[in-house]
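A short write-up of the structure that comes next.
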Amino acid sequence: MEKRLANWGNYPAISCDESSFSQEEQVQDFISSHSSIIARGNGRCYGDASLAHHSVSTLKYDKVLAFDTVNGVFECQSGITLDQILEIIVPQGWFLPVTPGTKFITVGGAVASDVHGKNHHVDGSFSGHITEMDVITGNKETITCSAEKEPDLFWATCGGMGLTGIITRVKFDLKKIETAYIHQKQIKAKNLEHLIQLFEEYKAYTYSMAWIDCLQKGDAFGRGILIVGEHARPEELNAQQSKMPLQLADKRKLSVPFNLPSFALNTLTVKAFNWLYYAKNTKQEIDNVIPYEPFFYPLDAILHWNRGYGKAGFVQYQFVLPLEKKEGLVAILRRISDKGWGSFLAVLKVFGVQESLISFPMEGYTLALDFPVRKGLFEFLDELDELVLQYGGRLYLSKDARMKKDIFWNSYPNARKFADIVKTYNSSGLFRSVQSDRLLLTE
Amino acid sequence: MPVVLILGAGSDMAVAIARQFAGKKYDIQLAARNVASLAALEQDVKIRYGVAASSHAFDATDFGSHPAFYQSLPVKPDITICVFGYLGAQEKAQSDWTEAARIIHTNYTGAVSILNIVAEDYAARGAGTIVGISSVAGERGRQSNYIYGSAKAGFTAYLSGLRNRLFHKGVHVLSVQPGFVYTRMTENLPLPPLLTAQPQQVAKDVFNAVKAKKNVIYTKWFWRYIMLIIKSIPEAIFKKLKL
Numbered sequence: 391m392e393k394r395l396a397n398w399g400n401y402p403a404i405s406c407d408e409s410s411f412s413q414e415e416q417v418q419d420f421i422s423s424h425s426s427i428i429a430r431g432n433g434r435c436y437g438d439a440s441l442a443h444h445s446v447s448t449l450k451y452d453k454v455l456a457f458d459t460v461n462g463v464f465e466c467q468s469g470i471t472l473d474q475i476l477e478i479i480v481p482q483g484w485f486l487p488v489t490p491g492t493k494f495i496t497v498g499g500a501v502a503s504d505v506h507g508k509n510h511h512v513d514g515s516f517s518g519h520i521t522e523m524d525v526i527t528g529n530k531e532t533i534t535c536s537a538e539k540e541p542d543l544f545w546a547t548c549g550g551m552g553l554t555g556i557i558t559r560v561k562f563d564l565k566k567i568e569t570a571y572i573h574q575k576q577i578k579a580k581n582l583e584h585l586i587q588l589f590e591e592y593k594a595y596t597y598s599m600a601w602i603d604c605l606q607k608g609d610a611f612g613r614g615i616l617i618v619g620e621h622a623r624p625e626e627l628n629a630q631q632s633k634m635p636l637q638l639a640d641k642r643k644l645s646v647p648f649n650l651p652s653f654a655l656n657t658l659t660v661k662a663f664n665w666l667y668y669a670k671n672t673k674q675e676i677d678n679v680i681p682y683e684p685f686f687y688p689l690d691a692i693l694h695w696n697r698g699y700g701k702a703g704f705v706q707y708q709f710v711l712p713l714e715k716k717e718g719l720v721a722i723l724r725r726i727s728d729k730g731w732g733s734f735l736a737v738l739k740v741f742g743v744q745e746s747l748i749s750f751p752m753e754g755y756t757l758a759l760d761f762p763v764r765k766g767l768f769e770f771l772d773e774l775d776e777l778v779l780q781y782g783g784r785l786y787l788s789k790d791a792r793m794k795k796d797i798f799w800n801s802y803p804n805a806r807k808f809a810d811i812v813k814t815y816n817s818s819g820l821f822r823s824v825q826s827d828r829l830l831l832t833e
Numbered sequence: 067m068p069v070v071l072i073l074g075a076g077s078d079m080a081v082a083i084a085r086q087f088a089g090k091k092y093d094i095q096l097a098a099r100n101v102a103s104l105a106a107l108e109q110d111v112k113i114r115y116g117v118a119a120s121s122h123a124f125d126a127t128d129f130g131s132h133p134a135f136y137q138s139l140p141v142k143p144d145i146t147i148c149v150f151g152y153l154g155a156q157e158k159a160q161s162d163w164t165e166a167a168r169i170i171h172t173n174y175t176g177a178v179s180i181l182n183i184v185a186e187d188y189a190a191r192g193a194g195t196i197v198g199i200s201s202v203a204g205e206r207g208r209q210s211n212y213i214y215g216s217a218k219a220g221f222t223a224y225l226s227g228l229r230n231r232l233f234h235k236g237v238h239v240l241s242v243q244p245g246f247v248y249t250r251m252t253e254n255l256p257l258p259p260l261l262t263a264q265p266q267q268v269a270k271d272v273f274n275a276v277k278a279k280k281n282v283i284y285t286k287w288f289w290r291y292i293m294l295i296i297k298s299i300p301e302a303i304f305k306k307l308k309l
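Residue numbers (the numbering used here), protein chains in the order written: chain A, 391 to 833; chain B, 67 to 309.
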C-alpha cells in the first residue's frame, strides 16, 4: 500500500510501498517480485538512505537468537532495536559495545550505518564488534560474512547503507559492566580552543563528547560543555543506587505530540535554549553518577523531538575533518555562526583512528548540527560541503539527504572500490535507495 | 509456572501475545504448521523473559491430527489461545471452493475441532482458560468479506456456547473481537490509523481480559460501539450500502 514515508529529519518525504517480513522466505519472495528495494529499520537515519519506492521493513524480524551471558555474545535478527537489547543485557551485566545517541535504531541499521558512539576514540565503530552476520544478496542467496569470511561483502555492508543486500542476522560482542550507571564529568569550556584542549586532556575517558553553542561570537566563539564518563563501579553508587546496581532507569517519557509551527525554533529561541543549557551548569565542573539513559540518550526522553522542527523537516549536517585540520573546524563553525540559521544542538566529538572501506569515521573532529529546512539552506550547505572537501573531510551518509554526488565521490577515498563490490553482490541494482540514486552509486 | 498454548503461533498477533504472557512469567507452548519457523520466536521468549518455551507442529485444517497433537504436549496448558485465522480473498472465494473451504476450515472448523478437545480436558479438570481470537467481521456479513465473516460468526457463536457450557465446570472462555489490526495479513489494506490497533495492544487487552475473567472484549475497545451501530442499521438499508 502506498504511503508517505520520511525518516527522522522529515525530509525528504516520498510516496512508498512498504512491506514487512517475519520469516526469511518472505524476503526471498519479496526480492523475486520486485525490481528495486531497500531495507528499512526504525527510520532513524535522518535523510533518504532507507527511502525508496519499495522498502522492506525489518521491524517484524526482531527475534533474539542467542545470548551468551558468560562471554557476552549476542545474536539476533536485524529488526530488533537497541532499546530492546539493552532491556535484556543490562540486568545481566552487559552493555552495547558501541551505541549512537539514540537507542531507537535497529541492529541492521547500526550495521548499515556502521554507527559510532561517544567511545569511538577507544572502541571504534559498531563493525569492529561484529563476529559474523548474514546478508541476503541480489541473487537471493544468504551469505554469512565476517572480517575473515567473505571480507569484501562484510566491509561493504558495514556502513554500506543497505546496498549489498538485506542484513538478516547479526552476532556481536558485548561490553561487561558492573552497574547500569555512568560516572560522568561535565566541564565548561569558554571557547573552541579551550574545548579542544579539554578533549586532549580528558582523552583517557572511555566516553567523551561536547556540546557547542555555535551561535556565540568573539571570545566565546565555540563555547561549550565537554561531557566525559565511565561505567560506574559498584563502590561509586550511592545507597539508593546500590540496592539494584543493574536496574534499568525509569521509563517515563515526554513526547512532542505534533509538528510545531516552523517559527517555534528561530534564532531567538535557540539562543535562549543554548544559554539555558550552558547556564544550567552553574559550576565549572560537574562530577556525578547518573543512570546510563540520560548519559547516552538525552533526547530519547522526548519522543518525536524531530517534530519540534515543524512540517518542513530538517537536515542534520555531520562532517568529519582530519585531526590536523583544526583550522577547518574553526572556519566551518564560523560560517555557521555567521549565518545564524541555528541549530538546536551541535555536538563535537574527536574520533580515533579507523581504517575502513566506506564507514564514516576517521581520525579527527566530527561536528553534527541540525538545520531546519528553509529557502536557501541547500545552497548554503553546498558551500559548507566544499569547505569540508577542501579540508579533507567527508559527510555522514546516515544524516545526508542532499549532498551532491561529486562531493561524495571526492571525499570518500574508497568510493570506487565500494561501488565495485556493491556491483558484485547487487549486480542488477536491486537494492537501491533515493540516496544511492542521487549519489550515482546504483546506476 | 502456568503454561499458555498459542495455536497459530506464526502470526504477528501471536508473537505479541507470546511476548505479553512470557513477560508476565508464563511458560509458552508455540504451535503452528511449520514448526521450523517457530524456532526463532521460541529462543526469543526464552532469552528475553527467562521462561520455558517449546514448539509443536499443528495444522488447523488437518482435523484428524488434533487429538494426537493435544495428547503429545509435554504438559497440558492452563490457558489455550486460538489465534490462527485466514483472511483469504473474498472475490476468489466466491467462485473458487478451494479458497472458500480454506477460509471456512481455518477460521471455523479447525478451531472447533481443536477447541473441542481442549474443552473436554479442561471440563474434566474443572479448570483452565480458553481464548478465541475471532473478529468484528463476524458480527454482520458485508459484501467485501462475508465468507471470512461468516466463518468468524460461526466461531463467535461457538465460543459463546462453549462459555455457557464450561461456566458450570469452572472453565473460563474469553471471546476476543479485534477490529482492524496492523499485521502482515492487513499491510496491503488502507486502514484508518485511529481505528487500527497494534498487535501489542491486542496482546495487552487479551492478557488483562484473561486476568479479569472477561467474557467478550473488543480491541480497540470502541469497536464494541462501532459494531453496535453497524448492527443496528436496518437490513433494508444495509443491503444497499457498499461495505
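We put the CB at the ideal spot given by N, CA and C, even for glycine.
All of these numbers come straight from a predicted model, not from anything done at the bench.
Review point. CB L855/A to CB N509/A, shorter than 8 Å?
Key: The shown model of chain A, from 391 to 833, leaves out residue 855/A, and the question about it has no answer.
Check your understanding: According to the neighbour-count rule (16 or more other Cβ atoms, all chains shown, within 10 Å of its Cβ), is E377/A buried or exposed?
Key -> In this structure chain A extends from 391 to 833, so residue 377/A is not present and cannot be described.
**Study point:** Beta-carbon contacts of D125/B that lie in its chain and below 7 Å, excluding the five residues immediately before and after
**Key:** For D125/B, where only same-chain residues beyond five positions count, the Cβ hits under 7 Å are R99 and S131.
**Study point:** For D760/A, the nearest candidate out of A629/A, A439/A, L738/A and L582/A (CA to CA)
**Key:** Relative to D760/A, the option among A629/A, A439/A, L738/A and L582/A whose CA is nearest is L738/A.
Exercise for review: Could you tell me which chain A residues have their CB closer than 7 Å to the CB of A106/B, listed as they occur along the chain?
Suggested key: Correct list: K453, L455 and Q467.
Point to revise | Y115/B, enclosing alpha helix (DSSP H) - first and last residue | key: Counting along the chain, the alpha helix (DSSP H) containing Y115/B begins and ends at A105 to Y115.
Check your understanding: Per DSSP, which one or two residues make a beta bridge with I427/A?
Key -> Its beta-bridge partners are F821/A.
Practice item. Compare the C-beta of D93/B against all C-beta atoms of chain A and say whether one is closer than 8 Å. Key: The Cβ of D93/B sits no closer than 8 Å to any Cβ of chain A.
Check your understanding: Where do the ends of the alpha helix (DSSP H) carrying S727/A lie?
Key -> Residues K716 to K729.
Review point. Between the C-alpha atoms of K84/B and V505/A, what's the straight-line distance to the nearest angstrom?
Key: Lys is not the amino acid found at residue 84/B; the sequence shown has Ala there. Distance between A84/B and V505/A, taken at the CA atoms: about 32 Å.
**Study point:** A691/A - DSSP class collapsed to helix/strand/coil
**Key:** It is helical.
Point to revise | Contact check, G499/A vs G550/A, beta carbons under 8 Å | key: No Cβ-Cβ contact shorter than 8 Å links G499/A with G550/A.
Review point. Which residue's Cα is closest to the Cα of G129/B: S121/B, L153/B and N182/B?
Key: In the sequence under discussion, the amino acid at residue 129/B is Phe, which differs from the Gly named in the question. Measuring from the Cα of F129/B, the nearest candidate turns out to be N182/B.
**Study point:** Euclidean distance between Cα positions of G462/A and L636/A
**Key:** C-alpha of G462/A to C-alpha of L636/A: approximately 15 Å in a straight line.
Point to revise | Buried/exposed call for L294/B, threshold 16 Cβ in 10 Å | key: L294/B should be labelled exposed.
Exercise for review: Give the straight-line distance between the Cα atoms of E776/A and N671/A, rounded to the nearest whole angstrom.
Suggested key: C-alpha separation (whole angstroms): 36 Å.
Practice item. List the residues of chain A that R250/B touches, going by C-beta distances under 9 Å, in chain order. Key: Ordered by position in chain A, the residues that pass the 9 Å Cβ test against R250/B are S409, S410, F411, S412, Q416 and K450.
Practice item. Taking Q156/B and S210/B to be in contact with their CB atoms under 8 Å, please state how far apart those CB atoms are, rounded to whole angstroms. Key: For a cut-off of 8 Å, the C-beta gap from Q156/B to S210/B is around 6 Å, short enough to register as a contact.
Check your understanding: Are A88/B and V69/B close, meaning C-beta to C-beta below 8 Å?
Key -> With contacts defined as CB atoms closer than 8 Å, A88/B and V69/B fail to qualify as a contacting pair.
Review point. If you check the beta carbons only, do Q95/B and S120/B fall under 8 Å apart?
Key: One thing to note: Q95/B has its Cβ within 8 Å of the Cβ of S120/B.
Check your understanding: How many angstroms separate the CA atom of V497/A from the CA atom of G151/B?
Key -> Straight-line Cα distance between these residues: approximately 31 Å.
Check your understanding: For the beta strand (DSSP E) that contains Q574/A, what are its first and last residues?
Key -> Run containing Q574/A: Y571 to A579, per the beta strand (DSSP E) assignment.
Practice item. Taking Q109/B as the reference, give the member of P133/B, A123/B, K90/B and V81/B with the closest Cα. Key: Q109/B has its Cα closest to that of V81/B, out of P133/B, A123/B, K90/B and V81/B.
Check your understanding: Name the DSSP beta bridge partners of K566/A, please?
Key -> In DSSP, K566/A forms a bridge with W484/A.
Check your understanding: So with Cβ pairs under 8 Å, would you call M523/A a contact of chain B?
Key -> So no, M523/A is outside the interface.
Review point. Less than 8 Å separating the beta-carbons of E219/B and I169/B?
Key: Rather than Glu, the amino acid found at residue 219/B in this sequence is Ala. Result no, Cβ atoms of A219/B and I169/B do not sit closer than 8 Å.
Check your understanding: In three-state DSSP terms, what is G612/A?
Key -> Coil.
Check your understanding: So which residues of chain E does M391/A contact, with C-beta pairs closer than 8 Å?
Key -> In the structure shown, chain E cannot be found, because the protein chains are A and B.
Exercise for review: Mind checking which residues open and close the beta strand (DSSP E) that includes V525/A?
Suggested key: DSSP places V525/A in the uninterrupted beta strand (DSSP E) bounded by I520 to I526.
Practice item. Determine the direct distance from the alpha carbon of Q267/B to that of F741/A, and round the result to whole angstroms. Key: Each residue's Cα considered, the two are about 42 Å apart.
Exercise for review: Check distances from the C-beta atoms of the segment 103 to 131 of chain B to those of chain A and list, in chain order, the residues that come in under 7 Å.
Suggested key: For the segment 103 to 131 of chain B, the set of positions with a beta-carbon nearer than 7 Å to some beta-carbon of chain A reads S103, A106, L107, Q109, D110, I113 and R114 in chain order.
**Study point:** Alpha-carbon spacing of H171/B relative to I213/B, whole angstroms
**Key:** In this structure, the CA atom of H171/B is about 11 Å from the CA atom of I213/B.
Check your understanding: Any beta-carbon of chain B closer than 8 Å to the one on I478/A?
Key -> Judged by the 8 Å Cβ criterion, I478/A is in contact with chain B.
**Study point:** Neighbour-count burial assignment, S632/A, 16 or more Cβ in a 10 Å radius
**Key:** Exposed is the call here.
Point to revise | Proximal residues of chain A, C-beta to C-beta of D78/B below 8 Å | key: Chain order gives the chain A residues near D78/B as S412 and K450, where near means a beta carbon separation below 8 Å.
Exercise for review: Would you identify the three-state DSSP class for L375/A, choosing helix, strand or coil?
Suggested key: Chain A is shown from 391 up to 833; residue 375/A falls before or after that span and cannot be answered.
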